[in-house]
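Structure record follows, encoded as structure tokens.
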Amino acid sequence: MHVAQSLDGRIALAGMPTALSTPEGRRSAHEARAANDAVLVGANTVRIDDPQLTLRDVPGSQPLRVVLASTLELPPGSKILGTDGRAVIIGARGRVHEDARRTIEAAGASALVTAATSEGEVDIAAALAALHERGVKRLLVEGGARILTSFFRARAVDRIRIEMSMRLLGAPGTPMLGAIGVAALRDTPTLKNIEVERLGINVLVRGDLVWS
Numbered sequence: 005m006h007v008a009q010s011l012d013g014r015i016a017l018a019g020m021p022t023a024l025s026t027p028e029g030r031r032s033a034h035e036a037r038a039a040n041d042a043v044l045v046g047a048n049t050v051r052i053d054d055p056q057l058t059l060r061d062v063p064g065s066q067p068l069r070v071v072l073a074s075t076l077e078l079p080p081g082s083k084i085l086g087t088d089g090r091a092v093i094i095g096a097r098g099r100v101h102e103d104a105r106r107t108i109e110a111a112g113a114s115a116l117v118t119a120a121t122s123e124g125e126v127d128i129a130a131a132l133a134a135l136h137e138r139g140v141k142r143l144l145v146e147g148g149a150r151i152l153t154s155f156f157r158a159r160a161v162d163r164i165r166i167e168m169s170m171r172l173l174g175a176p177g178t179p180m181l182g183a184i185g186v187a188a189l190r191d192t193p194t195l196k197n198i199e200v201e202r203l204g205i206n207v208l209v210r211g212d213l214v215w216s
């Protein structure tokens with residue numbers, strides 16, 4: 005998992021693109037993409053940021069681009085769809101809009117439908133199993149907050165990279181995580197084997213996530 009956040013734990017101003025990474029941080033994020041088979045974001049990130057999720061200015065093979073979108077609906081012309089057949093949009097069974105599926109496939113991307121949670125969202129374990137069947141063994145999750153929270157709730161995070169911006173966003177900035185099922189301090193996931201690196205004026209903290 006990779007995330008850029010403010011010093012007070014916010015990943016974005018509400019509803020708008022918020023660039024918190026330094027140039028060095030963006031390069032480091034692209035190096036992380038190059039080390040993985042696929043990069044995953046949620047539909048809200050596509051709607052707000054319209055990312056490409058491709059490698060730029062670093063060597064390596066282009067990763068598979070993955071979006072979790074319960075209904076399969078994405079804005080027309082989203083950059084992530086591309087025309088290279090390297091994008092997969094995963095929807096939730098019972099919530100998929102067939103028009104959206106046809107739009108995705110017409111753009112040259114693939115549409116998958118997996119199990120849904122009781123809230124109608126894509127089930128993380130089912131999505132990971134579907135990606136594994138496509139040869140994805142190393143997955144980089146980049147957000148946004150709802151996706152990050154879902155992966156934490158599913159305990160599907162084993163390593164994390166946090167680029168700490170020296171900015172403070174405050175409320176109503178979007179926090180990195182919502183409720184992840186922690187009821188007491190002893191239940192908290194903890195970072196081990198920690199490495200710290202300067203990325204311009206930002207600081208990268210990375211390590212292995214250990215679950216109680």
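Note that the sequence shown ends on residue 216 in the numbering used here; no numbers are left out.
Glycine included, each C-beta is placed from N, C-alpha and C at the ideal position.
Report task. Report the partner residues of A115 according to the DSSP bridge assignment. Result -> DSSP, once it has assigned bridges, lists I93 as partnering A115.
Query raised in the report: Cα-Cα, which of S10, R31, T153 is closest to T22?
Result: Comparing Cα-Cα distances from T22 to each of S10, R31, T153, the minimum goes to S10.
Report task. Since I believe A104 is in contact with V71 (beta carbons under 8 Å), could you give me their beta-carbon distance rounded to a whole number of angstroms? Result -> Beta-carbon to beta-carbon, V71 and A104 are separated by about 11 Å, too far to satisfy the 8 Å threshold.
Query raised in the report: Taking three-plus beta-carbon pairs below 8 Å as touching, is the region 140-147 in contact with the region 105-124?
Result: With a cut-off of 8 Å, the region 105-124 and the region 140-147 do not count as touching, because too few Cβ pairs lie within range.
Requested in this report: Leaving aside the five residues before and after P80 along the sequence, list all residues of the same chain whose C-beta is less than 6 Å from its C-beta, in chain order.
Outcome: So the list is empty, once near-sequence residues are dropped.
Query raised in the report: What is the DSSP secondary structure of R210, counted as helix, strand or coil?
Result: In the structure shown, R210 sits in a strand (DSSP, three-state: E or B).
Query raised in the report: Do the region 85-97 and the region 114-133 touch if we need at least three Cβ pairs shorter than 8 Å?
Result: Remark: three or more beta-carbon pairs, one from each stretch, lie closer than 8 Å, so the region 85-97 and the region 114-133 are flagged as touching.
Query raised in the report: Whose C-alpha, out of M20, R51, R69, L24, is nearest the C-alpha of A38?
Result: Ranking the options by Cα distance to A38, first place goes to R69.
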